[in-house]
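Here the structure comes first, spelled out in structure tokens, and everything after it is commentary.
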Amino acid sequence: MINRFTLRGGKAEPVIDYAEYKNILMISTYSDLRDPCHIWERAYTDLDNVDCTFPLSSGTICKTGCREQQGRKQQVERHLIDAALCSSVSRSVVAPLERLKLLSMVNLNYTKDGLPATFAKIWNEDGITGFFRGNLLNVVSIAPTKVVEYLVYTCLEDFMKNKNDRNVGDKEKMLMGSIATMSGTFVSHPIDTVRTALAVQVNGAQKGILKTTQAILDRKGLWGLYQGVIPNMIRVAPYAAINFVLYDELKKWYHRRTGPGGELGLLSSIFCGVLSGAAAQVALYPLETVQRHLQAHAAEKSSLAYQNMFDALRIIIQDGGVSALYAGLLPSTLKLVPAAAVSILVYEALQRKGEYKHYRVK
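Counting in the UniProt record's numbering, the final residue of the sequence shown is number 362, and the numbers go up one at a time with none missing.
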């Protein structure tokens with residue numbers, strides 16, 4: 001029974017000593033402590049007049065004097081490097097499926113004989129390197145995307161905290177994440193346009209990065225590098241929202257099945273991530289198809305010229321029917337599992353090798 005109080009901000013608050021605190025922990029289970037952990041991960045610990053925080057979910061270094069900025073900077077650098085390495089390895093592993101998806105979207109005649117026959121065509125034309133055509137630019141685009149996403153999200157988070165003087169809620173985080181993702185995507189879109197144009201070149205018409213870029217600039221100028229940016233921006237925000245909401249619901253469903261406090265393990269994380277990603281992808285896939293058509297034709301000298309995204313949508317349906325909007329969905333879905341698995345495995349390996357640990361409360 002608590003019978004001691006301390007004066008804090010002019011109000012009397014109950015306190016417990018260390019012995020009582022230890023007894024509470026000894027008779028509590030992990031599930032009993034789950035809610036307190038969620039609260040304590042943002043709580044302040046009083047060390048005399050020093051304000052220290054121990055965010056269990058992020059592993060941030062203790063904020064003490066000049067170490068605060070240094071610790072935050074090291075954490076940010078480590079996070080960005082780890083994210084870039086994970087994405088690079090993951091994208092490279094599924095690069096053959098990614099190229100097959102792009103070819104199926106833009107060039108139905110080339111892929112009409114099925115996946116095995118298309119793989120054989122790619123091998124006969126370019127050998128093993130043909131499966132990774134455009135992957136270098138796909139990897140290069142990671143760095144500017146991640147940096148811009150982080151900077152925009154951090155600015156928005158600071159703005160929301162200063163404006164509302166409280167912690168940012170889940171809905172606000174989702175909105176900020178969507179805006180940050182859109183910003184990063186916009187910055188790296190020119191690289192993605194050249195990458196798409198490279199990946200769909202076949203039948204001896206293959207060009208290098210510089211020649212492909214020059215062809216786009218000659219045909220459409222600088223705006224040519226931003227072909228397809230509107231459908232890309234339109235699909236980014238709802239994609240993040242669908243992915244976030246569905247993943248959260250799957251995680252809640254998992255906890256209901258396993259009981260409160262159950263940790264979301266590696267396989268469960270992959271399962272939830274793949275399902276939420278697949279649902280978001282299927283819902284918004286037609287927008288990506290339109291985007292890829294606009295990007296691919298930016299470097300081509302042909303009589304076909306899309307006036308805008310609606311014109312591209314009309315022509316795609318006119319030539320191939322509604323099903324053409326979902327061309328390449330199979331290889332796109334097949335790459336989700338290995339991409340998620342590789343990303344998580346690489347991230348966990350990097351964390352084990354790092355100098356600090358991340359403590360997460362699921």
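Glycine included, each C-beta is placed from N, C-alpha and C at the ideal position. These figures come from a predicted structure and were not determined experimentally.
Measure from the alpha carbon of residue i to the alpha carbon of each residue in the options, then state which is nearest.
i	options	result
Phe310	Pro96, Gly321, Lys121, Gln291	Gln291
Lys211	Trp223, Lys220, Leu198	Leu198
Asn138	Gln281, Pro96, Phe159	Pro96
Phe244	Pro286, Thr185, Lys173, Ser188	Lys173
Val147	Ser90, Gly208, Asp82	Asp82
Ile209	Ala279, Leu151, Thr196	Thr196
Ile216	Val194, Val202, Ala143, Met233	Val194
Leu102	Glu157, Arg257, Leu329	Leu329
His189	His293, Asn232, Tyr239	Asn232
Ile179	Lys207, Arg352, Ala241	Ala241
Ala143	Met176, Val168, Ser87	Ser87
Ile230	Leu175, Gly184, Leu287	Leu287
Tyr110	Leu325, Gln281, Val200, Met160	Val200
Met182	Arg235, Val168, Leu222	Arg235
Met105	Lys353, Glu157, Pro331, Glu348	Pro331
Glu300	Leu350, Val274, Gln318, Lys207	Lys207
Leu80	Gly320, Leu151, Ile270	Leu151
Would you report the Cα separation of residue i and residue j, rounded to the nearest angstrom?
i	j	result
residue 363	Ala296	In this structure the chain extends from 1 to 362, so residue 363 is not present and cannot be described.
Asn135	Asn164	43 Å
Glu145	Arg91	At residue 145 the sequence reads Thr, which differs from the Glu that was named. The alpha-carbon atoms of Thr145 and Arg91 are separated by roughly 14 Å.
Arg133	Asn203	14 Å
Glu77	Ser343	18 Å
Asp113	Tyr326	16 Å
Glu98	Lys161	39 Å
Gly265	Thr154	28 Å
Pro338	Val94	7 Å
Tyr306	Ala84	34 Å
Thr129	His255	44 Å
Ala298	Ala280	27 Å
Ile317	Lys353	50 Å
Glu125	Leu100	14 Å
Leu108	Ile122	14 Å
Leu115	Leu275	23 Å
Ala218	Arg314	One detail in the question is off: residue 218 reads as Asp in this sequence, not Ala. Using only the alpha carbons, I get a separation of about 26 Å.
Thr333	Glu348	24 Å
Ser269	Trp253	13 Å
Val50	Thr289	Unreliable positioning characterises Val50 in this predicted model, as indicated by a pLDDT of 33, which lies under 50. The coordinate reading is nonetheless provided below. Val50 and Thr289: Cα-Cα distance of roughly 55 Å.
Arg42	Lys171	The predicted position of Arg42 is uncertain, since its pLDDT is 30 and thus under 50; a value taken from the coordinates is nonetheless stated next. Cα-Cα distance, rounded: 18 Å.
Gly221	Asp319	28 Å
Lys251	Thr118	38 Å
Ala120	Gly127	9 Å
Leu294	Val282	20 Å
Gly321	Asn308	19 Å
Suppose the cutoff is 8 Å on Cβ atoms and the five residues either side in sequence are ignored; what does the same chain contact list for residue i look like?
i	result
Gly277	Asn243, Leu336, Ala340
Val168	Glu157, Met160, Lys161, Met176
Residues in its own chain within less than 7 Å of residue i by CB, not counting five upstream and five downstream?
i	result
Pro238	Leu284
Val89	Val342, Val346
Ile191	Leu137, Val140, Ser141
Thr213	Val194
For residue i, collect the residues of the same chain with a Cβ closer than 6 Å to its Cβ; drop the 5 residues on either side in sequence, then sort them by chain order.
i	result
Glu68	Residue placement at Glu68 is flagged as unreliable, the pLDDT there being 47, under the threshold of 50; a coordinate-derived value is accordingly withheld.
Gly184	Thr145, Val148, Glu149
Val187	Pro144, Val148
Thr258	none
Leu350	Asp82
Gly273	Ala340
Using a Cβ cut-off of 8 Å (strictly closer), state whether residue i contacts chain C.
i	result
Trp123	Protein chains in the displayed structure number just one, and chain C is not present.
Q) Taking contact to mean at least 3 C-beta pairs separated by less than 8 Å, is the stretch 246 to 257 in contact with the stretch 212 to 232? A) no
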